[in-house]
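Structure first, then comments.
2 protein chains.
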Amino acid sequence: MTANEPVRIGRRPATDHDSVAAAALDLFWRHGFDATTTQAIADASGISRRTVFRYFPSKDDIPWGRFDENLDHLAAVLRATPPGLPLHEAVHRAVLDFNRIDAGAVAQHRVRMTLILRTPALQAHSALRYAGWRAVIAEYAAARLGLPVDAMLPRVVGHVALALALSAYERWLDDEDAALADLLDEALAGLRTYLGDRS
Amino acid sequence: MTANEPVRIGRRPATDHDSVAAAALDLFWRHGFDATTTQAIADASGISRRTVFRYFPSKDDIPWGRFDENLDHLAAVLRATPPGLPLHEAVHRAVLDFNRIDAGAVAQHRVRMTLILRTPALQAHSALRYAGWRAVIAEYAAARLGLPVDAMLPRVVGHVALALALSAYERWLDDEDAALADLLDEALAGLRTYLGDRS
DNA sequence: CAACTTATGGCACCGAGCGCCACAAGGGAA
DNA sequence: TTCCCTTGTGGCGCTCGGTGCCATAAGTTG
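Protein chains in written order, with this note's numbering: chain A, 4 to 202; chain B, 4 to 202.
Quick look at the structure:
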C-alpha cells in the first residue's frame, strides 16, 4: 500500500514530533525542567526556537507525547465494552487498558511520569490534560446512565476514576518494582474499604 | 487590648492583600483573567507592578485569597473530630465545614470559584493548591489508620475527597440555586451508588 | 538630629509565547 | 528549464509574567 507517502508536496520537515520530544525529555531529565530553555531544546533538535513552538503549543506540552490520540483510544475501548458489565467495572477495565505499558517502554514512561507528577509547572499544566481524560469517562458514564454529561453522577465517575489513577501513579513512582495494573486494582479496593470502613 | 497595634515600626504598607485581591478580581471578572495585565492591577490598586508581586507570588495566586490559612483551619477541624466517627464520615464533615460560606459572601465566592474553575490558566495553577489540601486530608487519614502518609489508602482518601469536592463545585457553578453542602452530600451518595451499582 | 526598620518604586533582565514576513525546498504544469 | 504553488523553517520584534538589585520614602526610637 505504501500509504505513508500520500504525495508529499512542499518542503520536508527538518525533524519530527517524537525526535524533539526525546531530545527535550533528555534535557529535562538531566538539567531539570525549569533550567531547560526552549532555546536549548531547539539547539539539541537542530531547529530554531520558533519552530519548537510549531511542534508543540507550549513547553509544558512536550512531556505529554501523543496524549490526545490516546484519548481517542480510551473512548474506543469504552465503546467496545460489553454493555452487561457494571459501569464501575467497565471504567476500571478501560483505565487498566489505557495505562498498559509495553515492557520495553516502562523505563521511559517512568521518566515521563516522574517529570509530570513531580515538576510543579507540569503538575499544574496536567490539570488541563486530565480534564480531557475525565470528559471521555464522563461522557461514557452519562451515556450508560441516560444522564446529561454535566449531571452529578457522570462528573463523580470521571473525577473518582482520575483520583484512583493518580493515587496509583504516585505509588508507582515511589515503588520501583510495583506493577501499575496491580496498583490500580489496589486503589479501587482501597476506596471500597474506605467507604465500608467502620473504624 | 487594641492588639492590632503591636507597635508598627517602619513605613506603613500602601494597601493590603485583600484590597489588591478585590481590585484584581473586579478586573478579572470584567475583562477576563488573561486580558488583565499585572500593570493594570497595580494601577487599580495605586501601587507599582513590582509591589504587586510582593503581595502575591504570582498572578495566578491572586484569586485564592487566604487559602493557606484555611488549610490550617481544615487541619484543626479534622483534629477536633471525635475519634469514634468512621474515617470517611470525619473527612466528609470536615469538607463540609471547610466549604461553609457566609450567606453574605456567597456571590463573591461564586465569582472567585467561577474564575478558578473555568479559566484554563487558573485551572492549571489550582492543581498546586489542591495538592496542599489533599496533603492535609491524607495526613489525617494516615494518622487514623496508622499508616505512612505515602501509603495507598491515605493517598486515595485525599484524592477521592478532592474528586467529590470538585464534582460538587462544578455542579454548584452550573446551578445558581443549589446549596454547596447539599451537592457535597449528593456527590458522596453518588459515589456509593456508583460502586454498588449492578446495572 | 541620627540610626534603624519596613515598604515601595524603578530599572534591567530573563524566558515563554506569538505575529509577521522572508525565504528554503520540494512538486507539478507550461 | 522555468514558473507557480505548497509546506516548512528562521529570524525579528514585541508582549507579558516574574525576579534581583538598589535607591529612597516613611515611619519609630534614641
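For each residue, glycine too, the CB sits at the ideal point set by N, CA and C.
Proximal chain A residues relative to residue i, where beta-carbon distance stays under 9 Å
i	result
S129(B)	A127 and A130
R195(B)	L198
S22(B)	Going along chain A, no residue has its Cβ under 9 Å from S22(B), so there is no contact; the nearest lies around 27 Å.
Residue i versus the options, residue with shortest Cα-Cα distance
i	options	result
V114(B)	S22(B), D19(B) and R33(B)	R33(B)
E189(A)	L198(A), S170(A), P123(A) and I50(A)	S170(A)
V109(B)	N73(B), A184(B) and G199(B)	A184(B)
V163(A)	H95(A), T117(A) and R69(A)	H95(A)
R195(A)	M155(B), R11(B), A182(B) and T54(B)	M155(B)
S48(B)	A17(B), F36(B) and D71(B)	A17(B)
G193(B)	E142(B), A166(B) and A78(B)	A166(B)
D75(A)	P151(A), P157(A), Y143(A) and L148(A)	Y143(A)
A148(B)	E72(B), A93(B), A168(B) and G135(B)	For clarity, residue 148(B) is Leu in the given sequence; the question names Ala instead. Comparing Cα-Cα distances from L148(B) to each of E72(B), A93(B), A168(B) and G135(B), the minimum goes to A93(B).
I140(A)	V55(A), I104(A), L30(A) and H91(A)	H91(A)
A3(A)	A106(A), A79(A) and H112(A)	Since the displayed chain A opens at 4 and closes at 202, residue 3(A) lies outside it and no answer follows.
L99(A)	G87(A), L77(A), L30(A) and T39(A)	L77(A)
I50(A)	D29(A), F31(A) and H20(A)	H20(A)
W136(A)	A168(A), M116(A) and H112(A)	A168(A)
D29(A)	P86(A), T117(A) and F56(A)	T117(A)
S22(A)	S61(A), A45(A) and L150(A)	A45(A)
Extent of the continuous alpha helix (DSSP H) run through residue i
i	result
S51(A)	From DSSP, S51(A) is part of no alpha helix (DSSP H); its letter is neither H nor E.
D75(B)	F70 to R82
W32(A)	H20 to H34
T40(B)	Counting along the chain, T40(B) falls outside any alpha helix (DSSP H), and DSSP gives it neither H nor E.
T122(B)	Taken as a continuous stretch (DSSP letters only), T122(B) belongs to no alpha helix (DSSP H), as it is neither H nor E.
S170(A)	M155 to D177
V152(B)	Here V152(B) belongs to no alpha helix (DSSP H), and DSSP marks it neither H nor E.
L198(B)	L183 to G199
D105(B)	Premise fails: D105(B) is in no alpha helix (DSSP H) and is neither H nor E.
8 Å Cβ cut-off: residues of chain B touching residue i
i	result
A166(A)	V159, H162, V163, L165 and A166
P123(A)	L131
Residues near residue i by beta carbon distance below 7 Å, same chain, minus five either side
i	result
L186(A)	A171, R174 and W175
H128(B)	D63
F70(B)	R132
R158(B)	A141
L191(B)	H95 and L167
Own chain residues within Cβ distance below 6 Å of residue i, not counting five before or after
i	result
I65(A)	A24, A27 and F59
V152(B)	A141, E142 and A145
L81(A)	A97 and Y143
Neighbour list for residue i in chain A, Cβ cutoff strictly below 8 Å
i	result
G49(B)	Simply none; closest approach about 30 Å.
E142(B)	Those within 8 Å of E142(B) in chain A number zero; the least Cβ separation is about 15 Å.
E173(B)	D153 and R158
Within chain B, partners of residue i - CB distance below 9 Å
i	result
M116(A)	By Cβ distance, chain B contributes nothing, its closest Cβ being about 15 Å from M116(A), past 9 Å.
S61(A)	Going along chain B, no residue has its Cβ under 9 Å from S61(A), so there is no contact; the nearest lies around 11 Å.
Cut-off 8 Å between Cβ atoms - residues of its own chain near residue i, not counting five sequence neighbours on either side
i	result
I119(B)	P66, W67, L125, Q126 and S129
Q42(A)	R52
N73(A)	F101
T84(B)	A93, R96 and A97
I104(B)	H112 and L183
L88(B)	R96
A138(B)	V152 and G161
P123(B)	none
Listed by chain order, chain A residues near residue i by CB distance under 7 Å
i	result
E189(B)	M155
D177(B)	D153
Counted within 10 angstroms of its Cβ, other Cβ atoms place residue i as buried (16 or more) or exposed
i	result
V160(A)	buried
A182(B)	exposed
F36(A)	buried
R121(A)	exposed
T39(B)	buried
R11(B)	exposed
F31(B)	buried
A106(A)	exposed
R14(B)	exposed
E179(B)	exposed
Residue i beta carbon near the ligand COA (any heavy atom closer than 6 Å)
i	result
P16(A)	Ligands in the displayed structure: none, and consequently the ligand COA is not present.
Beta-carbon neighbours of residue i, restricted to chain B and to distances below 7 Å
i	result
L169(A)	H162
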